[in-house]
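J.: Our numbering applies: residue 185 is where the sequence shown begins, and numbers increase by one.
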Amino acid sequence: MSIGAVERDTGISKDALRVWERRYGFPTPSRDDLGERAYSFEQVDKLRLLKRLLDQGHRPGKIMHYSTEELQQLVQKSVLAATGTTDASSASEADSALLQGYLDLCKTHQAEVLRHRLSQALSRMGLERFIVEVLAPLNRLVGDAWANGALQVFEEHLYTESVQIVMRAAISMLPQGKESARPRILLTTLPQEQHGLGLLMAESIFVLDGASCISLGVQTPTIDIASAARSQSADIVALSFSGAMNPRHVLEGLNDLSSKLPAGIELWVGGHCPVLSRRPPESVHVLSNLADIPDSLRDWRARHES
């Protein structure tokens with residue numbers, strides 16, 4: 185792969201790739217007929233792992249010399265730490281064979297079959313139970329497989345698109361509350377966070393529990409989040425974070441947004457970024473998992489009863 189293709193694939197800039205080559209001796213590209221750098225697929229796989237770990241706060245000098253297998257183990261530890269588990273087999277409450285079956289459909293590119301089976305499970309279980317018992321652990325399984333190189337980028341995208349189609353259809357079928365329903369919740373992610381499945385799952389449970397939701401999608405600048413919260417008369421701004429987010433970016437973004445939000449608008453956050461459970465800003469309400477949403481809504485309503 186050319187250096188430009190590697191930059192697009194991994195998210196690592198060309199300048200960083202050249203600096204790492206000089207400073208750490210990795211990557212070690214060959215040269216094509218025109219003298220341009222050419223990277224093997226094995227090196228690109230390792231670069232993807234490095235990028236994920238760097239986004240989680242690791243320093244390149246500490247992990248650059250690790251083998252691909254050692255990096256995979258480190259990513260696995262990060263995933264388990266983020267989900268609060270000590271063992272991969274305990275990370276899911278749903279049947280592991282069933283979840284693996286969904287993952288295998290991603291690997292064999294059977295997107296239509298995947299959507300059909302997810303829709304069947306949703307109809308059988310009901311939306312809230314489907315989200316908590318199937319989608320939440322399945323998202324972790326897919327993220328882990330992608331980080332370990334067991335799932336290609338386009339396969340992860342097929343999964344994401346399939347789940348979005350199923351979830352959007354389910355949300356559209358929910359009885360929508362009145363615009364006056366409280367609380368009014370604005371859902372989005374910070375600019376560095378491109379993963380939106382957590383938003384869809386949270387939105388579903390919020391709506392099921394009678395809240396009024398306005399979704400901005402992903403990657404919204406903090407100044408625009410604050411402006412939207414004002415214009416939409418939001419009571420709560422809810423943000424989702426994946427485990428791939430850099431903890432420093434999370435804290436900086438939350439502090440920046442907190443300073444911009446009008447008084448009285450609460451900031452709720454959830455997801456799998458470890459910093460949320462370790463040291464979140466005092467002004468932020470952390471949802472440790474999706475099952476926390478109903479109790480948090482009841483508490484909010486109790487505090488705002490007229």
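Even for Gly, the Cβ is constructed at its ideal location relative to N, Cα and C.
1) Could you check whether the stretch 217–230 touches the stretch 244–261, counting it as contact only if at least three pairs of C-beta atoms, one from each stretch, sit closer than 8 Å?
2) For the alpha helix (DSSP H) that leucine 423 lies in, which residues bound it at each end?
3) Using a Cβ-Cβ cutoff of less than 8 Å, which residues in the same chain neighbour alanine 413 once the five nearest sequence positions on both sides are dropped?
4) Using the beta-carbon count (16 or more within 10 Å), is methionine 357 buried or exposed?
5) Ordered along the chain, which non-local residues of its own chain (more than five positions away) have a Cβ less than 6 Å from that of valine 468?
6) Quick check on the DSSP output: the beta strand (DSSP E) that includes glutamate 450 runs from which residue to which?
7) Just the Cα atoms here: how many angstroms apart are valine 347 and proline 211?
8) According to the Cβ coordinates, are alanine 386 and proline 367 closer than 8 Å?
9) So who's on the other strand from histidine 469, going by DSSP bridges?
10) If we ignore side chains and look at the alpha-carbon of each, how far apart do arginine 485 and aspartate 419 end up?
11) Evaluate isoleucine 407 with the Cβ neighbour count: other Cβ atoms within 10 Å of its Cβ, from every protein chain shown; 16 or more gives buried, anything less gives exposed.
12) What separation, rounded to the nearest whole angstrom, lies between the Cα atoms of leucine 400 and alanine 365?
13) What do you get for serine 276, buried or exposed, if any count of 16 or more other CB atoms within 10 angstroms of its CB means buried?
14) Can you give the beta carbon distance from histidine 379 to leucine 342, rounded, assuming they're within the 8 Å contact cut?
15) Round the Cβ separation of aspartate 193 and valine 402 to the nearest angstrom and send it over; I've been treating them as touching at under 8 Å.
16) Going by other Cβ atoms of all chains shown within 10 Å of its Cβ, with 16 needed for buried, is proline 359 buried or exposed?
17) Could you have a look at alanine 412 and say whether DSSP puts it in helix, strand or coil?
18) Out of curiosity, what's the CA-to-CA distance linking phenylalanine 390 and asparagine 323?
19) Closer than 8 Å, CB to CB, is leucine 481 near chain B or not?
20) Apart from the five residues on each side of it in sequence, which residues of its chain come closer than 8 Å, Cβ to Cβ, to proline 478?
21) Do serine 426 and cysteine 457 have their C-beta atoms within less than 8 Å of each other?
22) Where does isoleucine 398 fall in DSSP's three states?
23) Within the same chain, show all residues whose beta-carbon is closer than 7 Å to that of lysine 291, passing over the 5 residues directly before and after it, in chain order.
24) If I measure Cβ to Cβ from proline 213 and keep anything under 6 Å in the same chain, skipping five residues before and after, which residues do I get?
25) Is arginine 352 helix, strand or coil when you go by DSSP?
26) Express the C-alpha separation of serine 480 and serine 442 in angstroms, rounding to a whole number.
27) Looking only at DSSP bridge pairs, what is serine 186 linked to?
28) For glycine 462, which residues in the same chain have their Cβ closer than 7 Å to its Cβ, ignoring the five residues on either side in sequence?
29) By DSSP, does serine 197 sit in helix, in strand, or in coil?
30) Suppose contacts are defined by Cβ-Cβ distances below 8 Å. Is glutamine 376 in contact with histidine 433 by that definition?
31) Is the beta carbon of serine 303 closer than 8 Å to that of valine 350?
32) Rounded to whole angstroms, how far is the Cβ of proline 244 from the Cβ of leucine 283, which I believe are closer than 8 Å?
33) Would you say threonine 190 and leucine 231 are within 8 Å of each other, going by their C-beta atoms?
T.: Let me lay it out:
1) yes
2) Not the alpha helix (DSSP H): leucine 423 falls in the beta strand (DSSP E), residues 420–425.
3) By the criterion of a C-beta distance shorter than 8 Å, alanine 413 is surrounded in its chain by Leu370, Val421, Leu445, Pro446, Ile449, once the five residues flanking it on both sides are discounted.
4) Exposed, because fewer than 16 other Cβ atoms sit within 10 Å of the Cβ of methionine 357.
5) Leu438, Leu451, Val453
6) Boundaries of the beta strand (DSSP E) around glutamate 450: 450–455.
7) 35 Å
8) no
9) Trp452
10) 11 Å
11) exposed
12) 19 Å
13) Confidence in serine 276 is poor, its pLDDT being 41 and thus under 50, which makes the residue's placement too unreliable to answer from.
14) Actually they are not in contact, since the Cβ atoms of histidine 379 and leucine 342 sit about 15 Å apart, beyond 8 Å.
15) Not quite, the Cβ-Cβ distance comes to about 20 Å (not below 8 Å), so this is no contact.
16) By the neighbour-count rule (16 or more Cβ atoms within 10 Å), proline 359 is not buried but exposed.
17) helix
18) 19 Å
19) Given the protein chain composition of this structure (a single chain), no chain B is represented.
20) Ile389, Asp393
21) In this structure, serine 426 sits near cysteine 457, with a CB-CB distance shorter than 8 Å.
22) strand
23) Leu335, Glu339
24) Arg221, Ala222, Tyr223
25) Here arginine 352 sits in helix by DSSP.
26) Those two C-alpha atoms are separated by around 19 Å.
27) Serine 186 is bridged to Ala222.
28) Checking the sequence, you will find arginine at residue 462 rather than glycine. No residues qualify anywhere along the chain.
29) In the structure shown, serine 197 sits in coil (DSSP, three-state: anything other than H, G, I, E or B).
30) Yes, Cβ-Cβ distance for glutamine 376 and histidine 433 is below 8 Å.
31) Yes, these two residues count as a Cβ contact at 8 Å.
32) 33 Å between Cβ atoms; not a contact.
33) Before going further, note that residue 190 is valine rather than threonine in the sequence given. A contact, by the Cβ cut-off of 8 Å.
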